[in-house]
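Novice:
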Amino acid sequence: MKAKRTFLCVAVFAAAAAASAAPLSSSIKIGVVETLTGDNSAYGISIRKGIELAAQEINASKLLGGSQLALVVADDKADKQEGISVFTKLINDEKVAAIIGPTLSGTAFAADPIAQKAGVPVLGTSTTAVGITAMGDYIFRDSLPQAAVIPGTLAAVIAKYKPQKAALLFQADQEYSKSEADVFKASLAKLGIQLVGSESYSKGDSDFRTQLQKLSSKKPDILVLCSLVGEAIPVLQQAREIGIAVPIVGGNGFNSPNILKNAPEASEGLIVGSSWFIDSKVSASTAFVAAFRKKYGGDPDQFASQGYAGLYIVANAIKNAGSIDRAAIRDALVKIHGLDTTLGPFSFDENRDPICQSVPLTVKAGKYVLFQ
Amino acid sequence: MDLSFFADPVFLVQNLVDGLSRGALYGVFAMGFTLIFGVLDILNLAHAATFMWCAFAGWFVMAAGGLPLPLGLAAAMLAGAAIALVLELLAFRPLRREGADKLSSMISSIGASLIMVSVAEAAFGVQTRRFPDKVLDPKPFFIGGSGGVRISRAQILILAASIVLMVGLGLFIRRTRMGKAIRAVAANQKAARLLGIDVNGVIVVTFLVAGALAGAAGILVALLTNNIVPGMGGQIELRGLAVVILGGMGNIEGAVVGGFLLGLVETLTIAYLPGGSDIKDAIAFLILFLILLVKPNGIMGRGKAERA
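Residue numbers (the numbering used here), protein chains in the order written: chain Z, 373 to 744; chain H, 775 to 1082.
1. Any residues in the segment 994-1012 of chain H with a beta carbon nearer than 9 Å to a beta carbon of chain Z? Which ones, in chain order?
2. Under 9 Å, Cβ to Cβ, is there at least one residue of chain Z near Thr1041(H)?
3. What first and last residue would you give for the alpha helix (DSSP H) that runs through Asp484(Z)?
4. When you compare the CB of Ser572(Z) with every CB in chain H, is at least one pair closer than 9 Å?
5. For Leu799(H), which residues in chain Z fall below 9 Å Cβ to Cβ?
6. State yes or no: is the beta carbon of Ser599(Z) nearer than 9 Å to at least one beta carbon in chain H?
7. Below 8 Å on the Cβ atoms is my contact criterion, and I expect Pro606(Z) with Thr808(H) to pass it. Report the Cβ-Cβ distance as a whole number of Å.
8. With the cut-off set at 9 Å, would you say Gln546(Z) and Leu495(Z) are in Cβ contact?
9. I believe Gly1024(H) touches Phe811(H) by the beta-carbon criterion, under 8 Å. Please report the beta-carbon distance rounded to the nearest angstrom.
10. Under a Cβ-count criterion, where at least 16 other Cβ atoms within 10 Å of its own Cβ denotes burial, should Glu872(H) be classed as buried or exposed?
11. Does the segment 394-402 of chain Z touch the segment 430-445 of chain Z, meaning 3 or more C-beta pairs lie closer than 8 Å?
12. Is it the case that the CB of Gly569(Z) approaches a heavy atom of the ligand MG more closely than 8 Å?
13. Where does the unbroken alpha helix (DSSP H) through Pro732(Z) begin, and where does it stop?
14. Taking 9 Å as the CB-CB limit, is Asn745(H) close to chain Z?
15. Are any of the Cβ atoms in chain H nearer than 9 Å to that of Ser457(Z)?
16. Taking only runs of the beta strand (DSSP E) that begin and end inside the segment 517-575 of chain Z, which ones reach a length of at least 3 residues, in chain order?
17. Identify every residue that forms a DSSP beta bridge with Arg924(H).
18. For the candidate residues Gly416(Z), Ser477(Z), Ile504(Z) and Glu613(Z), whose alpha-carbon lies nearest to that of Gly899(H)?
19. Measure the C-alpha to C-alpha separation of Ala848(H) and Val1003(H) and round it to an integer number of angstroms.
20. If we define contact as Cβ-Cβ less than 9 Å, is Lys908(H) a contact residue for chain Z?
21. Out of curiosity, what's the CA-to-CA distance linking Phe649(Z) and Ala427(Z)?
22. Whole-angstrom Cβ separation of Ser795(H) and Leu933(H), contact assumed at under 8 Å?
23. Could you pull out every unbroken alpha helix (DSSP H) segment of at least 4 residues lying fully inside the segment 589-624 of chain Z, listed in chain order?
24. Count Cβ pairs between the segment 981-992 of chain H and the segment 933-944 of chain H that sit closer than 8 Å; are there 3 or more?
25. Since Gly801(H) is in the alpha helix (DSSP H), which residue starts that stretch and which ends it?
26. Report the neighbours of Ala1045(H) on chain Z: residues whose CB is nearer than 8 Å to its CB, in chain order.
27. Tell me the DSSP secondary structure of Phe649(Z) in three-state form.
28. Could you tell me which chain H residues have their CB closer than 8 Å to the CB of Pro606(Z), listed as they occur along the chain?
29. Kindly indicate which three-state DSSP category Leu711(Z) falls into: helix, strand or coil?
30. By how many angstroms is the C-alpha of Cys728(Z) removed from the C-alpha of Ile471(Z)?
31. Would you mind telling me which residues of chain Z sit closer than 7 Å to Phe785(H), beta carbon to beta carbon, in chain order?
32. So does the segment 556-575 of chain Z actually touch the segment 524-544 of chain Z, counting three or more Cβ pairs closer than 8 Å?
33. Please confirm whether Asp782(H) has its beta-carbon closer than 9 Å to some beta-carbon of chain Z.
34. If we define contact as Cβ-Cβ less than 9 Å, is Ala1082(H) a contact residue for chain Z?
35. Using 9 Å as the threshold, is the C-beta distance between Asp411(Z) and Gly679(Z) below it?
36. Which residues in chain H sit within 7 Å of Ile614(Z), going by Cβ to Cβ distance?
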């Protein structure tokens, strides 16, 4: 009898072991690749704060049972080569189960194929350019692609201002900005707004007056800007300086409170589209805002929220997979459905892009509020 | 080409104003850069980092300390001189003493630059700093009514400063005893030493002046773009270098004239060519290339022997 029971135990154990080739270990490494230095680090630093808060909560609540998440944070310096080398190191040396990042779409286009080839799941929490998840079936994102945000934002602008003519300024040598400008152009055409001028600048420019002056001379009813934070601030200020008084619509790069803080007058009335805003009534979001304020003593932004949601998504996929096998985690990510996150009930669509709502926001007294 | 613009004189004058002030920005930056090159024959690639630190120094004095613009400018120039002195003592003189070649000095300055930018990133973080409006009112003047030509106080200041600094530095180099000593060292260090000139002393003065110029440039550029970040030096460095070459390596007036030229070409390309903003760098550097084909020593360059 005793022998029989032992046999049964062994059998059950063997069956369990067979089901998951790589069971949960006591510490599960997650790579976090963000832009932590340079002009565009405002995004990466914010994302890291969100992710670190989520890791703290996940480990404290024993979401993964006896396993703890261990973040391996690396700086991609907004540089393609750096992104590739950091990805390679995390995958081969650190043997991470999954990677969150990188911050900018341009870096993702360079680095994500490394992970795809190695079969390591990647979740972008801030990449919005067209074609990010098309790089492969291991590439996911919880940041809304431009095509999912921009038409809604423009529709809200049309409802309020009824613009006939639009002008556009973007950065020609930046993947995110160029992709966003293309999506804006297509959406404007679809919505019947004439694009009377499109100008660009390149990395290193700090004087945008000539481009803005040329756009202004075409008398647009709205001005659309696709810039990252480093340029967004002087672009906004110089637009107002040369006397452009029409409503300004910003792309995803303008979702950083850094811009509002540094260009308080020029950013007033700015319109953006976002997956999240601070007064969101989603319960996971109100809890997140409170916890964030407690830990960091300041307000989170969209990027912190998407980073925070991102780690919860990955952690739940690991929990559902019951394994740190990278392929099993990928399969579990695909199946994430209606997960309670700061972005609302979260699921991926068939392209591994997020299914969630974008909201049009405007800046009032230095804060993002609902645009109506 | 969009011909309707040519018929609009306000648009043309506006672009000339913007082009010249954009060019003045390059020129002011390039002056200190070219001075060091003229005297020592080395590229001080930490000039851009010095420039950035000075912009922060000026910001602390004016925005955080609440002091007026002249004091901010003085503080930035002092900070620049001090940083340049430290660079000379730590990054350049030890190499010179060992008889290292010019390439080593350039690498040493790249190292210094990386350290300075990293320290700035760690110390100042990511937050962009800008001047409060009371430092310099950002509202521009409009010449000829509200539809007229716009010019901001920062643009007037940088245009004036580029001319004043160019003339002042020219007089200093040509008319003063120290200026003559600097030229002697530039022409031939060994001969200057044999003539009893304190070569190291002269080099120190050169660095102090170049550093002060970086300081002035830091403040002026910061006022014009109102965007003070640790990466601001890298943004202007390439164009500054192009302007130095365009004007003639080591030529102070050439740096300013080259700056004006580059600024005007960029601005007019954007303003008048369809899709101009996409090709402005290509056009600007193509013209730079063509000028160098005709005048290999730069527009105001002379042979090496008569430089500085």
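By construction, the Cβ of each residue, glycine as well, lies at the ideal position given by its N, Cα and C atoms.
Specialist: According to the structure data:
1. Val995, Leu998, Thr999, Asn1000, Asn1001, Val1003, Pro1004, Gly1005, Met1006, Gly1008, Gln1009, Ile1010, Glu1011 and Leu1012
2. Answer yes: the Cβ-Cβ gap between Thr1041(H) and chain Z drops below 9 Å somewhere.
3. Ser477 to Ala490
4. yes
5. Ser578 and Asp579
6. no
7. That belief does not hold up - the Cβ atoms of Pro606(Z) and Thr808(H) are roughly 26 Å apart, past 8 Å.
8. no
9. Taking 8 Å as the upper bound for CB-CB distance, Gly1024(H) and Phe811(H) are in contact here, some 5 Å apart.
10. exposed
11. yes
12. Only the bare structure without any ligand can be found here, which leaves the ligand MG out of the picture.
13. Where Pro732(Z) is concerned, there is no enclosing alpha helix (DSSP H), although the beta strand (DSSP E) it sits in stretches over Val731 to Lys736.
14. The structure shown does not extend to residue 745(H), since chain H spans only 775 to 1082, so no value can be given for it.
15. Not a single CB atom of chain H sits nearer than 9 Å to the CB of Ser457(Z).
16. 537-543 and 566-573
17. According to DSSP, Arg924(H) bridges with Phe916(H).
18. Gly416(Z)
19. Whole-angstrom Cα-Cα distance: 20 Å.
20. no
21. 22 Å
22. About 6 Å separates the beta carbons of Ser795(H) and Leu933(H), which is inside the 8 Å limit, making them a contact pair.
23. 601-613
24. Counting C-beta pairs with one atom in each stretch, the segment 981-992 of chain H and the segment 933-944 of chain H have three or more that are closer than 8 Å, which means they touch.
25. Pro783 to Leu814
26. Thr582, Gln585 and Lys586
27. coil
28. Thr999, Asn1000 and Asn1001
29. strand
30. 22 Å
31. Ser589
32. Verdict: yes, contact present.
33. Closer than 9 Å to some Cβ of chain Z, the Cβ of Asp782(H) qualifies, so yes.
34. Reliability of the predicted coordinates at Ala1082(H) is poor, the pLDDT of 48 falling under 50, and the value obtained from them is presented with this limitation in mind. By this cut-off, Ala1082(H) is not an interface position.
35. Contact flag unset, no.
36. Arg924
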